[in-house]
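If you want our numbering, it's the 1-based position in the sequence shown plus 307.
A virtual CB, placed ideally from N, CA and C, is assigned to each residue, including glycine.
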Amino acid sequence: MSKQTASISIVIPVYNSSAILPELVNQLAAVIPSICPEYEIILVNDGSRDSSWQTISALATSHESVHGINMMRNYGQHNALLCGIRAARFPLTITMDDDLQHPPEEIPKLLAELNQGYEVIYGFPEREEHGFLRNIASQMTKIALQKSMGADTARNISAFRAFHTRIRDSFSDYRSPFVSIDVLLTWGASRFRAITVRHEQRKSGASNYTFMKLLTHAFNMMTGFSVLPLQAASFLGFACALFGLLILLYVIGRYIILGYSVPGFPFLASIIAIFSGAQLLALGIIGEYLARMHFRMMERPTYTVMESVGRGVHK
């Protein structure tokens, strides 16, 4: 790619990756200078329990392009990404994981698609190498994200993204502790595209996204960025009311035709259980929305930065 490409900010959330960060930065430093005139690498330490912050500090000292941000505690990958995106200084932003699964050599493919008029580009693998439960949870998360984003591309999203930095202006005032970068990007962009790129095997450790974490993330997206659960609760209430009406007509009809009502405690108990369950489910969904309102009224921060290092730009 020619030197005419706009300068880019590369945002990488870091969690317990001290051993592989130097290789990641070296790979980027070997590839990015041939892509654009200026770049920066923003490493956001998301409350790592190893020596990741010390490694980031050392990299910021030895590499002019590295800027490190140390968060107060572990807030989550998307919160760390939001922090890094807000710190980006260049017109284009790239996000990628810290596990060396996203090859820097594939970045030009993402940038080439941006030049075709798209606003957000995802680089997704042809196959995702996860366990059975993890794959199920991942697909559920993507379905939830598709409902929240309202974009078909959501089924092929990835942490490997490229987008115009100006899009962040659409969520500059966002303050909720529940963050989904992909949903926030839809607030300022409408032209999405997903392309297939090469993904490498994870170099060290295991993914921090377990089956339960993915399910929790999907539920947070559904209740934090969509009214679909409330609509589902309303539909369930309507269905139960209709079912109750049919049962009432059945009981009255049986009494008129046969001269006696429906006997038996099991029948009555099952009807009570159905309606009680529907009511509790609806109350639970409403409670989730109230909890999010409560956290926003508390002004619970999306993240808090403890310190930062480096602020140079590589040319």
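Starting from the C-beta of residue 628, find all residues in its chain whose C-beta is less than 8 angstroms away, skip the five residues before and the five after it, and write them out in chain order.
Residue 628 cannot be examined here, being either before or after the span of the chain that is shown, 308 to 622.
Between which two residues does the beta strand (DSSP E) containing residue 320 stretch?
Taking the sequence shown and counting its residues from 1, one reaches residue 320 at position 13. Its beta strand (DSSP E) spans residues 315-321.
Can we say the stretch 336-345 touches the stretch 410-418, given the rule of at least three CB pairs closer than 8 angstroms?
yes
Please determine, among 564, 579, 338, the residue with the shortest C-alpha to C-alpha distance to residue 551.
In the sequence shown, counting from the first residue as 1, residue 551 sits at position 244. Ranking the options by Cα distance to residue 551, first place goes to 579.
Does the beta-carbon distance from residue 469 to residue 581 come in below 8 angstroms?
Position 162 of the sequence shown, counting from 1, holds the residue named residue 469. Position 274 of the sequence shown, counting from 1, holds the residue named residue 581. In this structure, residue 581 does not lie closer than 8 angstroms to residue 469 by Cβ.
Give every residue of the same chain whose Cβ lies closer than 7 angstroms to the Cβ of residue 502, excluding the five residues on either side of it in the sequence, and list them in chain order.
The residue you call residue 502 lines up with position 195 of the sequence shown. Taken in chain order, the residues that qualify are 416, 420, 428, 430.
Proximity of residue 374 and residue 618 at Cβ, strictly below 8 angstroms:
Reading the sequence shown from its first residue, position 67 is the one you call residue 374. Reading the sequence shown from its first residue, position 311 is the one you call residue 618. A contact, by the Cβ cut-off of 8 angstroms.
Mind checking who residue 347 pairs with in its DSSP beta bridge?
For the purposes of this step, residue 347 is taken as residue 40 along the sequence shown, with counting starting at 1. Beta-bridge pairing links residue 347 to 316.
Indicate the three-state DSSP secondary structure (helix, strand or coil) for residue 613 in the structure shown.
As a working note, residue 613 is residue 306 in the sequence shown. Of the three classes helix, strand and coil, the one that applies to residue 613 here is strand, per DSSP.
Leaving out five residues before and five after residue 642 in sequence, what residues of the same chain have Cβ atoms less than 7 angstroms from its Cβ?
Because the chain is modelled from 308 through 622, residue 642 falls outside the range shown and cannot be assessed.
Residue 505 - DSSP class collapsed to helix/strand/coil:
In the sequence shown, the residue the question calls residue 505 occupies position 198. Here residue 505 sits in coil by DSSP.
Just the C-alpha distance for residue 547 and residue 562, rounded to the nearest angstrom, thanks.
Counting from one through the sequence shown, the residue named residue 547 turns up at place 240. Counting from one through the sequence shown, the residue named residue 562 turns up at place 255. So the two alpha carbons sit approximately 22 angstroms from each other.
First and last residue of the alpha helix (DSSP H) that includes residue 333?
Position 26 of the sequence shown, counting from 1, holds the residue named residue 333. Where residue 333 is concerned, the enclosing alpha helix (DSSP H) stretches over 328-338.
Buried/exposed call for residue 608, threshold 16 Cβ in 10 Å:
As a position in the sequence shown, residue 608 is number 301, starting the count at 1. The residue is exposed, with fewer than 16 neighbouring Cβ atoms inside 10 Å.
Sheet register partners of residue 373 (DSSP bridge)
In the sequence shown, the residue the question calls residue 373 occupies position 66. Bridge partners of residue 373: 348.
Pick from 367, 314, 389: whose alpha carbon is nearest that of residue 491?
Looking up residue 491 in the sequence shown gives position 184. Answer by Cα proximity: 389.
Segment limits, beta strand (DSSP E) that includes residue 402
The residue you call residue 402 lines up with position 95 of the sequence shown. Here the beta strand (DSSP E) through residue 402 covers 399-402.
Counting along the chain, where does the beta strand (DSSP E) carrying residue 468 start and finish?
Residue 468 sits at position 161 when you count from the first residue of the sequence shown. Note, residue 468: beta strand (DSSP E), 468-471.
To the nearest angstrom, how far is the alpha carbon of residue 433 from that of residue 504?
Your numbering for residue 433 matches position 126 in the sequence shown. Your numbering for residue 504 matches position 197 in the sequence shown. If you take the alpha carbons of residue 433 and residue 504, they lie about 8 angstroms apart.
Note down the Cα distance separating residue 549 from residue 471, rounded to an integer number of angstroms.
For the purposes of this step, residue 549 is taken as the residue at position 242 of the sequence shown. For the purposes of this step, residue 471 is taken as the residue at position 164 of the sequence shown. In a straight line, the C-alpha of residue 549 is about 49 angstroms away from that of residue 471.
Skipping 5 residues on each side, what residues in its chain have a beta carbon closer than 6 angstroms to that of residue 498?
Here residue 498 refers to the residue found at position 191 of the sequence shown. Closer than 6 angstroms at Cβ, skipping near neighbours: 425, 426.
At the level of alpha carbons, what is the spacing between residue 399 and residue 316?
Here residue 399 corresponds to residue number 92 of the sequence shown, with the count starting at 1. Here residue 316 corresponds to residue number 9 of the sequence shown, with the count starting at 1. One C-alpha to the other measures close to 6 angstroms.
Which class does residue 428 belong to by DSSP, given the choice of helix, strand or coil?
Residue 428 sits at position 121 when you count from the first residue of the sequence shown. Looking at residue 428 - three-state DSSP - the assignment turns out to be strand.
To which residues of the same chain is residue 567 closer than 8 angstroms at the C-beta, ignoring the five residues directly before and after it?
Within the sequence shown, numbered from 1, the residue matching residue 567 stands at position 260. Here the set comprises 561.
Name the DSSP bridge partner or partners of residue 625?
Outside the shown range of the chain (308 to 622) lies residue 625, about which nothing can therefore be said.
Between the CA atoms of residue 476 and residue 308 - distance to the nearest angstrom:
Stepping through the sequence shown from its first residue, residue 308 is reached at position 1. Stepping through the sequence shown from its first residue, residue 476 is reached at position 169. Confidence at residue 308 is low in this model, with a pLDDT of 40, below 50, so the placement of that residue should be treated as unreliable; the coordinate-derived value is given next. Those two C-alpha atoms are separated by around 28 angstroms.
Close-in-space but distant-in-sequence residues of the same chain around residue 335 (CB under 7 angstroms, 5 per side omitted):
As a first step, residue 335 is located in the sequence shown; it is residue number 28 there, counting from the start. Hits under 7 angstroms: 317, 348, 411.
For residue 499, name the three-state secondary structure that DSSP assigns.
In the sequence shown, residue 499 corresponds to position 192, counting from 1. It is a strand residue.
Close-in-space but distant-in-sequence residues of the same chain around residue 392 (CB under 7 angstroms, 5 per side omitted):
Sequence index remark: in the sequence shown, residue 392 carries index 85 (1-based). 318, 400, 475.
With a floor of 4 residues, list each alpha helix (DSSP H) that falls wholly inside the stretch 536-564, ordered by position along the chain.
none
Residue 376: buried (16+ other C-beta within 10 angstroms of its C-beta) or exposed?
Looking up residue 376 in the sequence shown gives position 69. When all chains shown are included, residue 376 counts as buried.
Specify the secondary structure class of residue 433 as computed by DSSP and reduced to three states.
Translated into the one-based positions of the sequence shown, residue 433 becomes position 126. If DSSP states are grouped into helix, strand and coil, residue 433 belongs with coil.
Starting from the Cα of residue 480, find the closest Cα among 365, 597, 606 and give me that residue.
Here residue 480 refers to the residue found at position 173 when the sequence shown is read from its first residue. That would be 606, whose Cα lies nearest to the Cα of residue 480.
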